[in-house]
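With the sequence shown counted from 1, adding 31 to any position gets you this note's numbering.
Glycine included, C-beta positions come from ideal geometry on N, C-alpha and C.
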Amino acid sequence: MSNSQSPRSDEARRYINSSSFVMAVIFTILCGMAALSFGFFINYFTSGHFEHSTKEVLDTRVRLIEAIGIDRSRDDRHPIYILSDKESLPEGVKRQSLYLAKGFIVFESDDQKRTFAGHTYNLDDGRKVLVATDISEIRESFHFMQFLGWCSVGFVMIVVFFSYLISVFVVSGTNKIADTARDIINTGDLSRRIDVGSRWDDLSNMGAVLNMLLDRVEDLMHGVRQVSDNIAHDLRTPLTRMRGHIESLDGEKRDELLSEADHILGTFNALLRISRIESEKQKSQFEKLNLNVILEDVCSFYEPLAEEKNIEIIKDFENLPFYGDRDLLFQVYANLLDNALKFAPQHGQITLKATKHKGNIEVNVDDSGHGVDPNEIGNIFKRFYRGEKSRSSSGTGLGLSLVKAVVELHGGKVSAENLKPGFRIITKF
Numbered sequence: 032m033s034n035s036q037s038p039r040s041d042e043a044r045r046y047i048n049s050s051s052f053v054m055a056v057i058f059t060i061l062c063g064m065a066a067l068s069f070g071f072f073i074n075y076f077t078s079g080h081f082e083h084s085t086k087e088v089l090d091t092r093v094r095l096i097e098a099i100g101i102d103r104s105r106d107d108r109h110p111i112y113i114l115s116d117k118e119s120l121p122e123g124v125k126r127q128s129l130y131l132a133k134g135f136i137v138f139e140s141d142d143q144k145r146t147f148a149g150h151t152y153n154l155d156d157g158r159k160v161l162v163a164t165d166i167s168e169i170r171e172s173f174h175f176m177q178f179l180g181w182c183s184v185g186f187v188m189i190v191v192f193f194s195y196l197i198s199v200f201v202v203s204g205t206n207k208i209a210d211t212a213r214d215i216i217n218t219g220d221l222s223r224r225i226d227v228g229s230r231w232d233d234l235s236n237m238g239a240v241l242n243m244l245l246d247r248v249e250d251l252m253h254g255v256r257q258v259s260d261n262i263a264h265d266l267r268t269p270l271t272r273m274r275g276h277i278e279s280l281d282g283e284k285r286d287e288l289l290s291e292a293d294h295i296l297g298t299f300n301a302l303l304r305i306s307r308i309e310s311e312k313q314k315s316q317f318e319k320l321n322l323n324v325i326l327e328d329v330c331s332f333y334e335p336l337a338e339e340k341n342i343e344i345i346k347d348f349e350n351l352p353f354y355g356d357r358d359l360l361f362q363v364y365a366n367l368l369d370n371a372l373k374f375a376p377q378h379g380q381i382t383l384k385a386t387k388h389k390g391n392i393e394v395n396v397d398d399s400g401h402g403v404d405p406n407e408i409g410n411i412f413k414r415f416y417r418g419e420k421s422r423s424s425s426g427t428g429l430g431l432s433l434v435k436a437v438v439e440l441h442g443g444k445v446s447a448e449n450l451k452p453g454f455r456i457i458t459k460f
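Put into structure tokens, the structure is as follows:
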């Protein structure tokens with residue numbers, strides 16, 4: 032069946048809706064907030080420490096200058112430059128190296144190996160003095176702390192990336208398990224298994240355990256079916272002999288006994304046929320055919336019975352090339368049309384509609400009856416199941432089971448729904 036959503040977009044939507052993705056997003060937000068807080072703390076602390084310590088040193092030197100005067104010949108790691116006016120610069124200071132940073136005048140030495148920060152101060156005699164101190168070590172410490180801050184951001188990004196990979200791994204593993212379980216539920220095929228791969232992680236171990244569980248369930252179901260099939264096979268021969276003896280009888284009960292014997296034989300034959308279809312999965316009789324021709328033949332076969340009940344059969348189908356088993360497909364739609372004739376009221380309608388859309392074929396069989404109890408719709412395709420409304424009519428309870436087996440043999444799905452009024456059986460290939 033076609034799907035309007037692509038598998039990739041569907042997988043992305045399932046990942047976004049998963050708890051692992053939500054946890055990864057929450058973890059990313061928390062890590063991001065921690066990284067921002069750490070970076071802000073480092074920047075605020077180091078810049079504040081730089082400003083405070085530099086200003087304290089400069090204020091101390093200004094007080095020292097005012098106390099003892101200025102020594103122009105002073106040349107150490109903490110030089111003092113004197114500006115006689117606004118345009119003149121101290122010796123050794125290049126104009127292009129000056130810039131302002133956090134209220135300080137920052138410049139470099141001629142060899143660009145040392146960095147200074149200073150303030151200009153007005154002296155009592157009207158001159159201006161630029162008092163500077165070597166901040167090379169402080170600057171290196173500041174840059175190192177900034178480097179640590181960026182490293183922490185990078186570390187957080189790595190953690191976020193790996194948390195994303197882990198969440199994708201977990202979601203993909205759980206999706207494999209869920210998809211396999213969903214397929215088994217939808218198709219009833221207990222032979223399907225979870226793709227385990229290696230067993231180094233917990234999800235693979237869980238998948239392996241679930242596969243062992245499925246093996247056990249499949250064995251048990253096979254045993255149950257084998258018992259019922261063996262009973263049907265072993266009893267068919269004596270029942271056939273019994274029917275032969277009944278035919279030789281005379282009297283009023285002869286026809287009634289023959290009818291009951293035929294009913295029992297029909298049940299066993301249907302049971303064996305379903306078992307053969309489900310177990311062997313043989314497609315040796317598959318061929319290219321036109322499904323619309325089969326549907327036309329089914330309608331022609333049941334038209335006399337429909338006329339007797341004054342039921343109108345409405346046909347609506349186009350040319351439908353198909354690849355399948357002609358006899359089995361005829362049996363499918365014969366069963367469905369026979370059911371519709373049983374439950375459609377006098378002067379009712381039955382609609383057989385077949386359409387093709389994007390390479391997929393859908394065949395609907397609608398009747399104008401009372402429908403099925405919504406609580407029973409999920410059970411009507413089970414073996415021997417008969418709803419409350421169908422118990423008074425003839426049948427074995429295996430017709431829809433046969434329909435389901437044949438449709439799934441052709442790679443399709445069968446479903447049912449109530450109409451207002453009426454009932455619909457849907458087969459999709």
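For residue i, does the count of other Cβ atoms within 10 angstroms reach 16, so buried, or fall short, so exposed?
i	result
residue 462	Given a span of 32 to 460 for the chain in the structure shown, any question on residue 462 remains unanswerable.
residue 333	buried
residue 318	exposed
residue 445	buried
residue 364	buried
residue 451	exposed
residue 175	exposed
residue 460	buried
residue 389	exposed
residue 275	exposed
residue 209	exposed
residue 124	Confidence in residue 124 is poor, its pLDDT being 48 and thus under 50, which makes the residue's placement unreliable; the coordinate value appears in the next sentence. Result: buried.
Nearest to residue i by alpha carbon, out of the options?
i	options	result
residue 58	71, 198, 409	198
residue 336	323, 363, 54, 379	379
residue 325	334, 361, 341	361
residue 345	321, 399, 366, 353	399
residue 246	194, 221, 233	221
residue 185	330, 66, 53	66
residue 61	213, 203, 181, 187	187
residue 53	161, 338, 202, 169	202
residue 354	192, 441, 168, 206	441
residue 166	87, 391, 393, 237	87
Can you check whether the CB of residue j is closer than 7 Å to the CB of residue i?
i	j	result
residue 412	residue 431	yes
residue 348	residue 385	yes
residue 359	residue 437	yes
residue 223	residue 215	yes
residue 395	residue 455	yes
residue 194	residue 55	yes
residue 225	residue 211	yes
residue 402	residue 366	no
residue 239	residue 248	no
Name the two residues that bound the continuous beta strand (DSSP E) containing residue i.
i	result
residue 357	Residue 357 -> not in any beta strand (DSSP E); alpha helix (DSSP H) instead, spanning 357-374.
residue 446	444-449
residue 220	Where residue 220 is concerned, there is no enclosing beta strand (DSSP E), given that its DSSP letter is neither H nor E.
residue 383	380-388
residue 437	Element bounds for residue 437: not the beta strand (DSSP E) but the alpha helix (DSSP H), 430-440.
residue 347	343-348
residue 395	391-398
residue 457	454-459
Which two residues bound the contiguous alpha helix (DSSP H) that contains residue i?
i	result
residue 332	322-339
Roughly how far, in whole angstroms, is the beta-carbon of residue i from the beta-carbon of residue j, given that I think they are within contact range, below 8 Å?
i	j	result
residue 136	residue 151	7 Å
residue 351	residue 323	5 Å
residue 453	residue 397	6 Å
residue 408	residue 381	Contact flag wrong, Cβ pair sits at about 19 Å.
residue 183	residue 71	No, residue 183 and residue 71 are not in contact; Cβ-Cβ is about 11 Å, not under 8 Å.
residue 161	residue 180	So it is not a contact: roughly 32 Å between Cβ atoms.
Taking 7 Å as the threshold (beta carbon to beta carbon), is residue i in contact with chain C?
i	result
residue 172	Although the question refers to chain C, the structure presented lacks it and comprises just one protein chain.
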